[in-house]
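Peer 1: Supplied in structure tokens, the structure appears directly below.
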Amino acid sequence: MTEITRQSLNEIIEKVKTKKISSTDLTKAYIKNIESAKKLNAFVTTTFDQALDKAQQFDNKPNFDQLLPGIPLAVKDLFCTENTKTTAGSNILNNFIPSYESTVTKNLWNNGSFLLGKLNCDEFAMGSSNETSHYGNVINPVGDHLVPGGSSGGSSSALAADLTPATIGTDTGGSIRQPASFTGTVGLKPTYGLCSRWGIVAFASSLDQAGPMTKTIQDCAIMLESMSGFDEKDSTSINKKNEQYSKNLKDNIKGLKIGIPKEYRVDNMPKEVDELWEKGKKILKDLGAQLIDISLPHTKYALPTYYIVAPAEASSNLARYDGVRYGYRSKQGKDLIEMYEKTRSEGFGDEVKRRILIGTYVLSSGYYDAYYLKAQKVRQLIKKDFDDSFKKIDAILTPSTPSSAFKIGEKTNDPVSMYLNDIFTVPVNLAGLPALSMPAGVDKQGHPLGLQLIGKALDEQKILNIGYAFEKNCGFKNEIKKWWS
Amino acid sequence: MSSEKFDYFIKGEKGKYEVVIGLEVHAQVLSKSKLFSGSSTKFGADPNNQVSLIDSAFPGMLPVINEECVKQAVRTGLGLNAKINNHSVFDRKNYFYADLPQGYQISQYKNPIVGEGKVLLDMPYGVREIGIERLHLEQDAGKSIHDMDPTSTYVDLNRSGIALMEIVSKPDLRSPDEVNAYIKKLRSIMRYLDTCDGNMQEGSLRADVNVSVRKEGDKKFGTRCEIKNVNSIKFMQMAIEYEASRQVELIENGKKVDQETRLFDTKKNETRSMRSKEDAHDYRYFPDPDLLPLKLEQKLIDDLKKSLPELPDKKKERFIKEYGLNTYEANVLVSEKEISEYYEEVAKLSDKKLAATWMMGDLFAMLNDKGLDISKSPISAKHFAELVESIKTGEISGRIAKDIFEIMLETGDNPKKIIDLNGMKQLSDPKELEKIINEILNKNKDKVDQYKSGKVKLFGFFVGQTMKLSDGKANPKLVNEILTKKLK
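Chains as they are written, first to last, in this note's numbering: chain A, 4 to 488; chain B, 119 to 606.
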């Protein structure tokens with residue numbers, strides 16, 4: 004019975020459809036796993052009773068034509084869920100219960116799934132290790148001393164530990180792909196505008212994008228299909244027909260041109276990462292793809308650009324948390340200004356404050372041109388690098404991260420070293436492109452490592468296909484021992 | 119055009135000072151829902167009853183532009199003879215306040231929807247062209263209520279997110295009178311266009327007033343002060359007068375005018391410093407990443423242009439040409455769309471010139487008296503036209519017309535009926551009149567003699583007596599003629 008939770012989402016769906024397992028039993032199996040995995044601290048809120056009710060409802064009146072029939076899902080606590088507390092990993096929202104459901108989660112529920120619980124994350128999705136959460140750090144099931152990545156660290160941890168059959172995260176600079184890479188799972192950041200941002204607690208509006216985190220590429224296709232789609236409530240949502248990613252999944256990649264950017268070979272990168280990249284190239288080549296050396300010359304400016312644009316938007320997006328209408332309000336403060344100051348001082352953690360300060364600074368008069376405006380111009384150049392390259396190639400292969408999961412506490416006092424972890428993931432967000440992180444191997448310590456496939460805008464199907472072919476031929480198996488229960 | 123000369127200067131001891139004024143008018147867009155949410159914009163609802171999750175800035179909420187507000191801004195821009203920008207951008211203006219839920223106002227900073235335009239003012243000393251710098255769309259804030267509780271401030275977000283057009287003039291205005299004319303003209307244009315109701319009591323139209331002074335003949339502008347959020351023309355004029363005098367006094371005493379934001383205290387009739395340039399907010403403007411740049415198809419602009427109604431300037435020209443009115447009459451009668459419509463209805467059915475005179479006289483006086491808009495006039499245009507026509511044909515005298523007007527007000531009857539019922543027809547039969555006049559002359563032989571010996575002023579006495587004896591019905595023109603003949 005418990006073995007069911009080890010299986011992929013696709014396999015589970017098959018079992019439900021063929022009535023080998025009921026939605027209720029499936030849900031109970033996950034609840035059991037979650038209850039025995041408290042050490043991982045992956046959940047901020049669980050909604051077991053509600054989930055069991057929904058499972059029962061499904062079993063009473065099953066609809067097997069849905070994409071996610073009777074499937075319980077835990078989601079990152081950045082998605083607003085109706086009548087269920089939504090914290091964004093922050094003290095300032097520790098009592099916030101939305102009266103509305105985010106479009107992306109609503110899409111999932113409309114496809115037959117239901118909420119199992121809310122997953123821990125870095126505060127307001129600002130972090131690469133899930134150590135900035137007000138609700139404590141999350142532990143990587145790969146090892147009790149390891150971070151699960153961030154900011155979707157609760158999501159990656161829960162997925163790898165079989166606490167949810169699949170999940171969703173948000174990716175502003177790598178927050179889906181990096182934790183996927185750290186836990187040996189699949190994570191996709193879709194094209195900007197493919198998934199609605201409505202109802203997702205905003206970090207940096209021009210970069211934020213929700214996406215699936217799954218055990219397999221096939222699962223990833225199913226989840227993406229379920230969660231994406233045009234939403235008139237989000238002005239940046241792309242108005243296009245929904246695609247059937249899972250049905251159209253193909254493992255024939257013969258003749259596809261894969262770009263290998265020379266700028267992604269950085270100093271001090273562990274040898275294993277380089278070797279893994281070589282292994283990836285070889286697999287794709289053996290499958291009939293053509294490798295093409297390309298150059299993305301502005302790559303080195305991506306990280307500094309990101310750390311201007313994202314904090315700038317964040318400083319403005321987070322201004323609404325002022326204690327006036329909802330969320331935490333300090334009991335101290337004699338007047339309005341003092342109330343603001345105390346509320347925000349007590350409500351936000353250090354990393355969030357750091358980014359609000361950076362963002363406020365780069366937008367200030369006298370600095371705007373030198374920082375924000377310049378960053379926006381560089382952003383255009385980074386995007387142009389990709390546009391130029393994609394004229395001659397189908398996708399780009401790079402490592403997902405410069406290292407495997409690091410130790411808890413290792414980088415907490417060194418923000419720049421922490422930020423450097425996003426070096427391969429941020430250019431994609433700046434360019435608004437889709438990118439997939441897929442497990443590809445392990446390092447010397449046996450910690451998973453991922454490779455990243457970057458596609459043209461709205462070319463999710465193609466990178467999924469490449470990933471699908473790669474997965475079949477890579478031979479990676481996530482060997483996580485259940486040390487936590 | 120007119121013999122009057124512009125003469126508004128502040129007189130100091132060391133010379134005359136010219137006052138330079140620029141206005142930033144905030145006009146509430148007439149639309150059913152707010153600029154970025156579906157909430158209603160109706161005035162007067164209970165506090166916080168017209169507030170969506172977007173207006174109150176809940177986590178994850180996103181703005182979606184209301185197309186109707188965009189169209190209204192374009193219409194207004196066209197009405198101001200302004201350039202419409204096919205590409206404009208919404209920016210965030212960041213600052214903290216309890217009635218600003220997002221912590222920023224969505225506005226347009228570098229790329230407004232409407233660029234340069236102009237407004238013409240008919241002043242007694244000629245036509246003045248006032249430049250429009252720009253018009254942009256922005257969200258209104260909510261309202262902080264400080265006087266409901268001794269220790270707390272209450273916030274009403276009904277207004278939060280309502281669309282405003284900020285119309286920025288060039289520093290082309292030179293006197294409180296010009297400000298008055300400018301605001302009235304803007305208001306009139308927007309009311310013709312149905313883009314803003316111009317209701318200053320309800321706050322649909324407010325202005326920030328920029329004032330500076332310079333010695334007469336100087337080319338360089340003086341340092342300006344901005345007086346924030348003045349909500350009536352009268353207060354604007356008072357604030358300008360106070361502020362200009364204050365600045366002149368500073369200059370004359372060898373002091374400098376500091377660039378600052380000031381507040382007008384309507385009770386003390388003075389402006390007070392709110393914050394200096396050094397304390398000025400740093401609004402950290404940047405393009406709102408939740409909204410794409412606003413792209414307007416030329417066809418949409420052209421279509422809106424084609425569908426614009428006739429605006430006051432055009433209508434004025436037409437009234438002068440078509441109805442033979444003078445500039446003053448035409449200006450008054452086109453000042454409000456409803457007035458012009460009423461006039462045209464009356465003019466169609468009666469004498470055009472006489473209709474103008476009577477409308478601007480008795481009708482306006484009555485409406486003013488009762489505090490009514492012309493749309494609520496108790497006398498319909500049709501009845502009013504009948505009255506004018508009766509005067510024109512000589513059926514009734516002007517004096518009797520005034521009595522009939524009063525009766526029309528009371529009964530709502532048409533003038534014909536009133537004339538018949540009360541026998542108010544003018545006495546225009548020369549024989550009848552001669553009879554009356556003979557009687558008067560016979561009774562007042564002494565006065566006739568005095569008249570003939572040179573006391574010509576007595577002519578008025580005879581006219582008066584005739585009117586009296588005829589119950590005011592005597593045709594004054596005929597009375598004059600007969601009397602002149604008889605007294606020769």
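For glycine and all other residues, C-beta sits at the position ideal for the given N, C-alpha and C.
For the region 215-235 of chain B, list every residue whose C-beta sits within 7 Å of some C-beta in chain A, in sequence order.
Peer 2: The residues in question are A216, P219, Q220, G221, Y222.
Peer 1: For T50 of chain A, which residues of its own chain have a beta-carbon under 7 Å away from its beta-carbon, when the five flanking residues on both sides are left out?
Peer 2: T87, L118, L119, G120
Peer 1: Extract the residue ranges of the alpha helix (DSSP H) inside the region 308-389 of chain B, only unbroken runs of 4 or more that lie entirely within it.
Peer 2: 351-370
Peer 1: For chain B, find out if any of its Cβ atoms is closer than 9 Å to the Cβ of T8 of chain A; answer yes or no.
Peer 2: no
Peer 1: Does the CB of N167 of chain B have a neighbour CB from chain A at under 9 Å?
Peer 2: no
Peer 1: Apart from the five residues on each side of it in sequence, which residues of its chain come closer than 8 Å, Cβ to Cβ, to K340 of chain B?
Peer 2: Position check: residue 340 of chain B holds Gly in this sequence, whereas Lys was assumed. Correct list, in chain order: V138, S330, V331, R332, Q365, I369, V375.
Peer 1: Can you check whether the CB of M318 of chain B is closer than 9 Å to the CB of S293 of chain B?
Peer 2: no
Peer 1: Label T175 of chain A either buried or exposed according to how many other C-beta atoms from any shown protein chain fall within 10 Å of its C-beta, with 16 as the threshold for buried.
Peer 2: buried
Peer 1: Measure the C-alpha to C-alpha separation of T269 of chain B and L339 of chain A and round it to an integer number of angstroms.
Peer 2: 12 Å
Peer 1: Note down, in chain order, every chain B residue with its Cβ under 7 Å from the Cβ of L366 of chain A.
Peer 2: R402, F404
Peer 1: Establish whether the CB of T271 of chain B and some CB of chain A are separated by less than 9 Å.
Peer 2: Closer than 9 Å: yes.
Peer 1: Counting only beta-carbon atoms, is L384 of chain A nearer than 9 Å to chain B?
Peer 2: no
Peer 1: Is the beta carbon of A128 of chain A closer than 9 Å to that of A183 of chain A?
Peer 2: no
Peer 1: For L414 of chain B, return the contacting residues in chain A, with the cut-off set at a CB-CB distance below 9 Å.
Peer 2: None at all; the shortest Cβ gap to chain A is about 15 Å.
Peer 1: Tell me the rounded alpha-carbon separation between L422 of chain B and K189 of chain B.
Peer 2: 8 Å
Peer 1: Look up V450 of chain B in the DSSP assignment and say whether it is helix, strand or coil.
Peer 2: helix
Peer 1: Quick one: which residues of the region 142-176 of chain B get their C-beta closer than 8 Å to a C-beta of chain A? List them in chain order.
Peer 2: Flagged, chain order: L171, S174, A175, F176.
Peer 1: Report yes or no: do the region 212-227 of chain A and the region 387-396 of chain B share at least 3 C-beta pairs separated by less than 8 Å?
Peer 2: The region 212-227 of chain A vs the region 387-396 of chain B: no contact.
Peer 1: Between which two residues does the alpha helix (DSSP H) holding P430 of chain B run?
Peer 2: 430-441
Peer 1: Return the residue from the list B:P548, B:L282, B:T379 that minimises the CA-CA distance to S225 of chain B.
Peer 2: Here the closest residue by C-alpha is B:L282.
Peer 1: Candidates B:I250, B:S278, B:I248: which alpha carbon is nearest K75 of chain B's?
Peer 2: There is no way to answer for residue 75 of chain B, as the model of chain B reaches only from 119 to 606.
Peer 1: Verify the CB distance criterion: does D237 of chain A have a CB-CB separation below 9 Å to chain B?
Peer 2: Closer than 9 Å: yes.
Peer 1: I want to see whether chain A comes within less than 9 Å of N212 of chain B, judged by CB atoms only; does it?
Peer 2: yes
Peer 1: Kindly confirm or deny that the region 260-277 of chain A and the region 405-412 of chain A touch, where touching means at least three C-beta pairs closer than 8 Å.
Peer 2: yes
Peer 1: If we require 4 or more residues per run, which alpha helix (DSSP H) segments fall completely within the region 213-290 of chain A?
Peer 2: Correct list: 220-230, 274-289.
Peer 1: Assign N371 of chain B to buried or exposed, taking buried as 16 or more other Cβ atoms, counted over all protein chains shown, within 10 Å of its Cβ.
Peer 2: That one is exposed.
Peer 1: Can you confirm whether F99 of chain A, when its beta carbon is compared against all beta carbons of chain B, has any partner nearer than 9 Å?
Peer 2: yes
Peer 1: On the DSSP letters alone, give me the boundaries of the alpha helix (DSSP H) that Q226 of chain B sits inside.
Peer 2: Neither: Q226 of chain B is in no alpha helix (DSSP H) and is coded neither H nor E.
Peer 1: At a CB-CB cut-off below 9 Å, which residues of chain A make contact with V366 of chain B?
Peer 2: Going along chain A, no residue has its Cβ under 9 Å from V366 of chain B, so there is no contact; the nearest lies around 32 Å.
Peer 1: When the Cα of Q212 of chain A is compared with those of A:K18, A:K79, A:T363, which residue comes out closest?
Peer 2: A:K79
Peer 1: Can you tell me where the beta strand (DSSP E) with I261 of chain B in it begins and where it stops?
Peer 2: It is worth fixing the name first, because residue 261 of chain B is Lys in this sequence and not Ile. Taken as a continuous stretch (DSSP letters only), the beta strand (DSSP E) holding K261 of chain B covers 261-263.
Peer 1: Are the C-beta atoms of L111 of chain A and some chain B residue less than 9 Å apart?
Peer 2: no
Peer 1: Which same chain residues end up closer than 7 Å to S151 of chain B when comparing Cβ atoms and leaving out the 5 residues on each side of it in sequence?
Peer 2: Result list for S151 of chain B: S157, S158, T159, N184, in chain order.
Peer 1: Here's the rule: buried if 16 or more other CB atoms are within 10 angstroms of the residue's CB, otherwise exposed. What is H144 of chain B?
Peer 2: Using a 10 angstroms sphere on the CB of H144 of chain B, the tally of other CB atoms reaches 16 or more, which defines it as buried.
Peer 1: Within the same chain, show all residues whose beta-carbon is closer than 8 Å to that of V312 of chain A, passing over the 5 residues directly before and after it, in chain order.
Peer 2: A207, S209, L210, Y375, A378, Q379, R382, L433
Peer 1: Out of B:S458, B:K288, B:E513, B:N276, which one is the CA nearest neighbour of G162 of chain B?
Peer 2: B:N276
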